[in-house]
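Every position in the sequence shown, counted from 1, becomes a number in this note's numbering once 131 is added.
For glycine and all other residues, C-beta sits at the position ideal for the given N, C-alpha and C.
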Amino acid sequence: MVQSLTQSSEDKLSLEVLAYLIHAFLIKFGKLQGLNKNDFTSWLNVLSSSYGSVYKLLNETSILKLWGNSVEKDTFVSCFTKPIWLLFESEQYTKSAEIKSIFFNIIAISVISHGQSFSSQTSIIQNLEYYEHLGEPMAELLSHLDHQFNETDLTHNCLVDVSNRTFSGADLKAPRSFSRFIIKLTQLSPALVLKHVVLLQSHIDSDAYTMRNAIIECFGILITHLSTLNDESTDTESQQTQIQSFFAVLTDRFLDNNSYVRSKVIQTYLKLVELPTKFPKQRIELLESTIRHLSDKSSTVRKNATSLIIKLILTHPYGMLHGGRLNQKEWMERLQSVDTQLATIAPKLDDEKQQDENEMDEDEGSENRRKSKKFARKSQAAAENMAQHDSDQIARLRLTRSYYADALEFIQLIEKATPTIATLLSSTNKSEVLEAIEFFRVGYEYGIQSSEIGVRRMIHLIWAKDNTVIEDGKEVKGVRARVIDTYKSLYLDPISDPNMTPQQQVSRICKNLIQLTFNATLAELTSLEALISTVMSTDGIHTDVINKLWQVYSVQKDIPKAQRRGAIIIIGMMAVAKSDIVHDGIDTLIKIGLGPLGKADLALARYTCIALQRISGSVKKVKGSLQDASIRLPMSEPIFRRLQEALEHPTTSQAWFGMAEQAINAIYVLGEQPDILCNVMIKHMAQKAFTAETQGDAMQTDEESDKVIGNAFLLSQLVFTVGHVAIRHIVYLELVERELKRRKADADAEKDSKKGMKQKQAEGIDEVAGNAEDDIGDGIAAVKERELLYGENSLLAIFGPILAHICYNPRQYSFPMLRAAATLSLSKFMCVSSKFCEEHLLLLFKILETAQDPTIRCNVVIALGDIAICFSNLIVENSDKLYAGLGDKEIVVKKNTFMVLTHLILNGMVKVKGQLGEMAKCLDDTESRISDLAKLFFTELSTKDNAVYNNLPDIISHLSVGVHAVDEETFKSTMKFIFKFIEKEKQAENIIDKLCQRFRLANEEKQWRDVAFCLSLLPFKSERSFKRLIEGLPYYQDKLHEPIVYKRFTEILAKARSNKATKSDNEIKEFEGVLEKAKAKSEEEARLAGRAAGDKRYERRKSKRLSVHISKNSLKSDDEEEKENVGNGEHEHASEVEQQEAPSSKSNKPISRENTMKMSDEEEEIKPKAKAPRGRAKKSAPPPRTTRRTRRQVAISDEDE
């Protein structure tokens, strides 16, 4: 119909009617909601065909000439464009690429041909302001105008309008839409935005952080655009200037106060470092800034900073000459080599130049001038050629040196960042931990020396709960799985080197595994065992690797001891998952570990005993189950004879104790009747110990008879063995109890099956079985309580008094190893019987107080923890003594005490009665290990039901008042951490009440400041909390004259105002006025109190002087009083003379309070002597009145003091 229209007035009217109908139809039906997918697709087809015809109409200029007036033409065109803007308000229309293309074409033709630029600009800005989803479509529209129609005026006008807008920090919707618009437009048309970047740069300081993020990302895109330009027409110098200016802005934004902006800067750099252009000058500055943000308070910034450092390592530009390794030692050697070459070439070149100049001077002065000149020219040319060659070499060497120096600086910065990233491994944010793990994996592969520290530290993350983590909408592996994958890739997987044979790959893996055990702590070995067993359970270690480890262990050559130990350690770890590995090599273990090599290296024998224990299997016992899947061997097996020989082999090495512990464990784990063998060993060792010959200082003597009673080291061995046998026998008795119950259950089941189901009485049988099990348990408990340590036929009963005697007499038994072994064995004996424990508990506490050896104190603390588990009622009465270890001067003792208390408290084995204050002191400990343990403890304690809240008043009292009080800075840092766990509003309200009431009983200003600081730590988020504070005003209004106390209350008001704790700000202002009045009143009362106190002190001194004067007069005799009366005239005359000589002495030097105090002190030093009167006093005051007055005044002065 549009094509058939003519240029008549009727056609014009028809077009207007048609345009209006289309306009009304689109507005009406464009708002339809709830269309299904098919209906909506049909509707989009109708829109597409309709606007296709409209586009053709707007392109035909002949038809549009019907409207000569621009107003009429604008009205006609707007009938088609206005519905488009309305349809854009619905997000579903922006998802169809075809519809967007048609709409963009119509808007473009209306802007270019029909003067709709201003209306389009207004619509674009309004859409950006009110509709968040239109940020990117509007950018696509402007980019479409630029690329398809070469129209940039509308873009310029829109960017000018955007640059003139200001956004507040509270506004979220509009800045988010505008930021998307800027980013998308920069991505689609970077050259266009680059021309107008000055307009957008004003938003880099916008209050809305989303706009700052948009400008930062925009600058990153522009840097990418400029670095990829290769046109000859472009000015390279101006490009570099622009790039440097953009980098300067990005570097400044590293210091933004918003963590999202700092994170956006790092994310922008993550994209930039992947560009082919390496930007070497900016890389070092970028790395330094990134390292500083590894300590950022935001976990997101720290995580992104770690990612950026990883990316900088992966894309470093120092791999062109020597590969990609970043080993600091190697690069240092290369730099020194270049310096040596430069030092040798540069002086040589200078000498050659000087020599040529001298020869030229001599030739010029010779008689044969012509020949000399010719020779000089030749020699000069040769010298110039040589100098040119040497100068080129020097220039090349200097460039190489600069290259090496930059690489070395880069490596040193990475080494500097490694310790900080290692601390992120213990972060509570899992994404942060995963990035730290990835950093150490990459650093280890690139040869960074310090990365090995992090690789060793991350092994402890094998105990983390393996929950998946969502990053950027993707599900990634948890921490535990990532640690396993990292260790497999670094140590267990073969490397892709075609030059290595399979045998070399196996040797490399074995070497890696053995090296993991070198200098490893017990905690590291325990974590490594969990990792190796986990990998082994999934067949992650090849059989050839296991055979190679056996070969290293059993080789007869002289190899380093650590290498052989490492092989058996790894074998024992693998056997945790598969016991057949050790079972098949039991002969090798006996031959090597318990043979001559094991006797020469007791550490090797120790790890061999640990591997032997794996033969019985490592199936975990199910709680309540009577099944025992462990394997036990008869005592006639040669393994037990070899273990006995290893224990009884003569030695003086301290490593024997560790070997003996594991050997006894192996006997009790593998033997069917381990007590028989242990009895024999104890008797043999006792015979050796008490019949040994004198061996110098290692002898113990009887002070009375001076006779030798045994060797101290042998006695230490005996004592240690007895104690460990006792503790292992308890475990063995528990296994015996379980076996008896299992047999009883099997017998009952067999009897029931014979009787048949009909005759079975389930309830009665179950009751009888339960009674039988109780009888078995009571019998075993009686054996442990009365037979093991008190039985007539018990061998251990002999050694109980011996252990106590050694511990009671530390001076007589001064050998340190003997005292440590005796204390440890006594502690183990106390875990056997409650009777023995009660008899010697005070002795153990005394040892904890008086022992000089920190090892003994550590053992006692750990033993007390075990006793608290076995006999909790005995420890409860003396729990205060257990906390004394927290004040020990040795870090090891303090750490072990804290760990024991943490275990007991968190597992509910010890009830806290106010001692948490001592543990809270450890939050500010100078040793980081102690403070970290304290933070972990309170974090775990906060997960218990109101545990921190219930103990908070006691903690505050402990740290603020009394002998345990700490200084104010320590108090502040401790309370800041603890108050983080007060999250419930009801708890905060109750704490406000309790703290306000504390003001009433607080007498010292320090207590006022402490309580006020605690109040300021509460959130004050609700109106009820604020009302509780107002209600407590009578308790603290007289303390507001203290400046710090008043400052804390102003901080509370600011916090309540920011949290909108009240419905209106008037209540806060009113309370603020009340506080000011109370402060003024309190200050006035404090001044009056100070003045009254001064007057009171003055009256007290005056009353003292008067009382002393009256008492002196009352004690004078009649003769003395007459003498005084006779001499009164002379005294009065003398006083008149003194007044004439010094008439102004009284007025010039008034008696001050200090002088009064001095006078009173001097008068108090004078003690009148009492004399018995010889007669009746004539003119003295009546004695009763004087006595009563004197007594009353003395009593008053005493009260005042």
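Check: Buried or exposed: which applies to S958, given that a residue is buried once 16 or more other Cβ atoms fall within 10 Å of its Cβ?
Finding: buried
Item checked: Span separating the alpha-carbon of R873 from that of D997 -> 28 Å
Item checked: Outcome for S1091 when other beta-carbon atoms lying within 10 angstroms are tallied against a minimum of 16 -> buried
Item checked: Residues near L273 in its chain [Cβ-Cβ closer than 7 Å; skip 5 each side] -> L285, T286, C289 and L316
Notebook entry, point to check: Leaving out five residues before and five after L974 in sequence, what residues of the same chain have Cβ atoms less than 8 Å from its Cβ?
Noted result: A935, C938, Y939 and L957
Margin query: Taking the straight line between their C-alpha atoms, what separation do you get for Y151 and C210?
Written below: 6 Å
Notebook entry, point to check: Since L92 sits in a beta bridge, which residues does DSSP pair it with?
Noted result: Residue 92 is absent from the model: the chain starts at 132 and stops at 1332.
Margin query: What does the Cβ neighbour count give for H278, buried or exposed, with the cut at 16 atoms within 10 Å?
Written below: exposed
Checklist line | Nearest-angstrom Cβ-Cβ length linking N1004 and F976, presumed shorter than 8 Å | finding: Incorrect: roughly 16 Å between the Cβ atoms, too far for contact.
Next item on the list: Please confirm whether A786 and L778 have their CB atoms less than 7 Å apart.
Entry: no
Notebook entry, point to check: What first and last residue would you give for the alpha helix (DSSP H) that runs through Y1014?
Noted result: Careful: Y1014 lies outside any alpha helix (DSSP H) and carries neither H nor E.
Margin query: Using 8 Å for Cβ pairs, my map puts T617 next to R587. What's the rounded Cβ distance?
Written below: About 12 Å; that fails the 8 Å criterion.
Item checked: Three-state class that DSSP yields for V469 in the structure shown -> helix
Margin query: Measuring straight from C-alpha to C-alpha, what distance separates A994 and S426?
Written below: 40 Å
Check: Who are the Cβ neighbours of A526 in its own chain at under 7 Å, not counting the five residues just before and after it?
Finding: none
Notebook entry, point to check: From this set, E1058, N1081, N1077 and L1054, which residue's C-alpha is nearest T1105's C-alpha?
Noted result: L1054
Note to self: Between E583, S620 and S668, which has its C-alpha nearest M649's C-alpha?
What the structure shows: Note that residue 649 is Phe in the sequence shown here, rather than Met. Of the listed residues, the one whose Cα sits closest to F649 is E583.
Checklist line | Within 7 Å, strictly: CB atoms of H855 and I795 | finding: yes
Check: If you compare alpha carbons, which of Q252, S201 and E229 is closest to K213?
Finding: Q252
Check: Which runs of the beta strand (DSSP E) spanning at least 3 residues fall entirely within the region 902-980, listed in chain order?
Finding: none
Next item on the list: Classify Y449 as helix, strand or coil using the three-state DSSP reduction.
Entry: coil
Next item on the list: Round the Cβ separation of R456 and G578 to the nearest angstrom and send it over; I've been treating them as touching at under 8 Å.
Entry: 4 Å
Next item on the list: May I ask which residues mark the beginning and end of the alpha helix (DSSP H) holding F234?
Entry: A228 to H245
Item checked: Of the listed residues R988, S1153, A928 and A228, nearest to P947 (C-alpha basis) -> R988
Next item on the list: Could you tell me how far apart the beta carbons of L680 and L544 are, in whole angstroms, since I believe they sit closer than 8 Å?
Entry: Contact flag wrong, Cβ pair sits at about 39 Å.
Check: Roughly how many whole angstroms lie between the Cα atoms of S468 and A548?
Finding: 27 Å
Check: Would you report the Cα separation of V148 and D205, rounded to the nearest angstrom?
Finding: 15 Å
Item checked: Cβ shell of A553 (< 7 Å), same chain only, five flanking positions each side left out -> I584, G585 and R588
Checklist line | For K409, the three-state DSSP class (helix, strand or coil) | finding: coil
Notebook entry, point to check: Does the beta-carbon of N810 have 16 or more other beta-carbons within 10 angstroms, so that it is buried, or is it exposed?
Noted result: exposed
Next item on the list: For T206, name the three-state secondary structure that DSSP assigns.
Entry: helix
Checklist line | Beta carbon of L1072 nearer than 7 Å to that of A1119 | finding: no
Check: When you compare only the Cα positions, how much space is there between F1102 and D470?
Finding: 56 Å
Next item on the list: Can you give me the Cβ contacts of I978 inside the same chain, cut-off strictly under 7 Å, excluding the 5 residues immediately before and after it?
Entry: C938, T954, I987 and V991
Next item on the list: Classify P306 as buried or exposed, calling it buried when 16 or more other Cβ atoms lie within 10 Å of its own Cβ.
Entry: buried
Checklist line | Proximity test, F788 beta-carbon vs the ligand PLP heavy atom, cut-off 6 Å | finding: Among the components modelled here there is no ligand, and therefore nothing to report on the ligand PLP.
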